[in-house]
Amino acid sequence: MEFLLPIIYIAFYLVYCGAFFSLAKKAGLDHIAWFAFIPLLSTILQLRMIKQSGWWILMMLVPIANFVFAIIWQVKLLNAFGKNGAFVLFIFLGPVYSILWMVWGYSQETRYYLNDAPQNPTFFA
């Protein structure tokens, strides 16, 4: 029974990473889609999906700013795939939010909408 929990965790992690792998491919990031399976690189992959610099990771080290940047980051990520930014409220229900990303990642209906955006947008763009 003790070995079952790690197996469930690994299976959930692989399915979750696979969803972001699929989202990266939809975003046209085929060359770095494998980043989804490596913890720190998956963060950089998500930032690339919203056309932001990897330097945003440094903001996660600043105590109050990390919360604000995480919300902005997730709203931009939701909007990049045509989802309402209000879904960010599910972030407080971690498993629900993760399951939503998995559903969107594997769904044929999910589309990427930032292909026409400028490559270096301003902070508020």
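Each residue of the sequence shown is one higher than the last, beginning at 17 in this note's numbering. Where a beta carbon is used, it is the ideal one built from N, C-alpha and C, also for glycine. Please read these numbers as outputs of a predicted model, since none were measured by experiment.
With a threshold of 8 angstroms on Cβ separation, who are the neighbours of residue i within its own chain once the five nearest residues in sequence on each side are excluded?
i, result
"Ala27", "none"
"Ser58", "Cys33, Phe36, Phe51, Ala52"
Take residue i as the anchor and find which of the options has the nearest alpha-carbon.
i, options, result
"Pro55", "Lys42, Leu30, Leu39", "Leu30"
"Leu130", "Arg64, Met76, Leu77", "Arg64"
"Phe97", "Ser38, Pro22, Leu20, Ile24", "Ser38"
"Phe36", "Leu93, Trp72, Glu18", "Leu93"
"Ser123", "Lys99, Leu109, Gln90", "Lys99"
Leaving out the 5 sequence neighbours to the left and right, which residues in its chain are closer than 6 angstroms to residue i when beta-carbon positions are compared?
i, result
"Lys42", "Tyr128"
"Leu105", "none"
DSSP three-state call for residue i: helix, strand or coil?
i, result
"Val119", "helix"
"Ile66", "coil"
"Met13", "Absent from the structure is residue 13, since the part of the chain shown begins at 17 and ends at 141."
"Phe37", "helix"
"Ile54", "coil"
"Thr126", "coil"
Since residue i and residue j should fall inside the 8 angstroms C-beta cutoff, what is the C-beta to C-beta distance between them, to a whole number of angstroms?
i, j, result
"Phe85", "Trp72", "6 angstroms"
Which residues in the same chain have their Cβ closer than 7 angstroms to the Cβ of residue i, if we skip the five residues on either side of it in sequence?
i, result
"Pro22", "none"
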